[in-house]
Amino acid sequence: MNNTAKNKIYTYTDYMNYPEGSRIELIDGVIYDMSPAPSRIHQELIMSLSATLYNYIKSNNGNCKVYPSPFDVFLTDDENLDNCKNIVQPDISVICDMNKLNDKGCIGAPDLIIEIVSPSNQSNDYVRKLGLYEHFRVREYWIVNPMNKGILVYRLDDTLLYGAPETYSFADKIKVGIYKDLTIDFNTLDVWR
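Residue numbers (the working numbering): 140 to 332.
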């Protein structure tokens with residue numbers, strides 16, 4: 140839901156002054172409310188996918204970090220965060236460049252973002268965030284839809300744009316493109332009990 144006053148461009152300063160406990164995101168200077176709370180399946184998917192990624196990284200002595208929401212990702216070309224107009228809280232972020240991390244979150248594009256679709260924010264995941272993540276060059280973006288049990292996987296191509304998405308169902312095994320040998324089998328995720 141768009142909660143922005145007409146024609147006002149919001150920045151990090153406005154974001155930080157929002158009432159405590161509010162769950163919002165800032166996309167192109169527009170504030171979007173993230174409530175109501177996500178469904179149980181939504182949260183189960185976040186836990187299972189985060190654990191799978193975390194366990195893979197740990198068992199391979201990897202240097203990437205996995206952060207489930209809420210975790211701020213600042214997508215900006217400007218080093219001054221006060222002017223940042225794009226602050227999102229992806230459901231799952233994987234960051235491999237430790238220089239992008241500070242106590243506030245991730246400054247710049249994560250290597251992998253996974254968004255779990257909720258009925259109230261579908262246009263954010265399929266349209267607004269897709270364009271935003273492509274613009275800021277998130278290497279890999281997954282849209283996981285528990286309602287239709289479908290997954291779209293976007294990967295930056297040689298022109299640094301997302302091509303047509305790879306389409307999967309929850310019965311498929313999906314290769315995680317940022318790693319050479321990680322495949323996630325959605326059929327075995329512990330979310331359907």
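Beta carbons are placed, not taken as given, at the ideal position from N, Cα and C, and that holds for glycine.
This structure is a prediction, so every number in the text was calculated from the model and none was measured.
By Cβ distance, which residues of its chain are closer than 7 Å to residue i, with the 5 residues on each side in sequence left out?
{"i": "Gly273", "result": "First, the amino acid is wrong: residue 273 is Glu here, not Gly. So the list reads Leu300, Tyr301, once near-sequence residues are dropped."}
{"i": "Val205", "result": "Ser189, Leu192, Tyr193, Ile196, Ile231, Val233"}
Is residue i helix, strand or coil when you go by DSSP?
{"i": "Arg294", "result": "strand"}
{"i": "Ile196", "result": "helix"}
{"i": "Ile317", "result": "coil"}
{"i": "Asn284", "result": "strand"}
{"i": "Asn260", "result": "helix"}
{"i": "Ser232", "result": "strand"}
{"i": "Ile185", "result": "helix"}
{"i": "Ile148", "result": "coil"}
{"i": "Lys239", "result": "helix"}
Go through its chain and collect everything with a Cβ distance to residue i's Cβ below 6 Å, but skip five positions before and after it.
{"i": "Met140", "result": "Any reading at Met140 is ruled out, since the residue's pLDDT is 44, under 50, leaving its predicted position unreliable."}
{"i": "Ile313", "result": "Tyr307, Ile323"}
{"i": "Cys203", "result": "Ile196, Val233, Cys235"}
{"i": "Tyr280", "result": "Ile252, Tyr272, Tyr293"}
{"i": "Thr152", "result": "Asp221"}
{"i": "Thr215", "result": "Cys223"}
{"i": "Tyr149", "result": "Leu165, Gly168, Ile170"}
{"i": "Lys319", "result": "none"}
{"i": "Glu305", "result": "Val292"}
Quick one: is the Cβ of residue i within less than 6 Å of any heavy atom of the ligand FAD?
{"i": "Asp324", "result": "The ligand FAD is absent from the structure shown, which contains no ligands of any kind."}
Considering just the uninterrupted stretch of the beta strand (DSSP E) at residue i, what are its terminal residues?
{"i": "Lys164", "result": "In the sequence as displayed, the identity of residue 164 is Glu instead of Lys. Where Glu164 is concerned, the enclosing beta strand (DSSP E) stretches over 163-166."}
{"i": "Thr322", "result": "322-324"}
{"i": "Ser308", "result": "305-308"}
{"i": "Lys224", "result": "Careful: Lys224 lies outside any beta strand (DSSP E) and carries neither H nor E."}
{"i": "Leu251", "result": "251-255"}
{"i": "Gly247", "result": "Here Gly247 belongs to no beta strand (DSSP E), and DSSP marks it neither H nor E."}
{"i": "Tyr206", "result": "204-207"}
{"i": "Val169", "result": "169-172"}
At what residues does the alpha helix (DSSP H) containing residue i begin and finish?
{"i": "Lys268", "result": "268-274"}
{"i": "Tyr108", "result": "A question about residue 108 goes unanswered here, because the residues of the chain that appear run from 140 up to 332."}
For the putative contact between residue i and residue j, defined by C-beta atoms under 8 Å, what is the C-beta separation to the nearest angstrom?
{"i": "Val283", "j": "Val256", "result": "7 Å"}
{"i": "Asp211", "j": "Lys243", "result": "6 Å"}
{"i": "Lys268", "j": "Val227", "result": "7 Å"}
{"i": "Gln326", "j": "Ala303", "result": "Strictly speaking, residue 326 in this sequence is Asn, with Gln absent from that position. Incorrect: roughly 24 Å between the Cβ atoms, too far for contact."}
{"i": "Pro207", "j": "Arg162", "result": "With 8 Å as the limit, Pro207 and Arg162 do not qualify as a contact, their Cβ atoms being about 14 Å apart."}
Quick one: what's got a C-beta closer than 8 Å to residue i's C-beta in the same chain, skipping five residues either side?
{"i": "Asp217", "result": "Cys223"}
Q.
Using a Cβ distance threshold of 8 Å, determine whether the stretch 184-204 contacts the stretch 154-167, with at least three qualifying pairs required.
A. The stretch 184-204 vs the stretch 154-167: no contact.
Check your understanding: If you pair each beta-carbon of the stretch 214-225 with each one of the stretch 176-185, do three or more pairs fall below 8 Å?
Key -> Flag = no, the stretch 214-225 and the stretch 176-185 do not touch.
Three or more C-beta pairs closer than 8 Å, one from the stretch 244-251 and one from the stretch 263-277: is that the case here? As far as the Cβ criterion goes, the stretch 244-251 touches the stretch 263-277, which means the pair count is three or higher.
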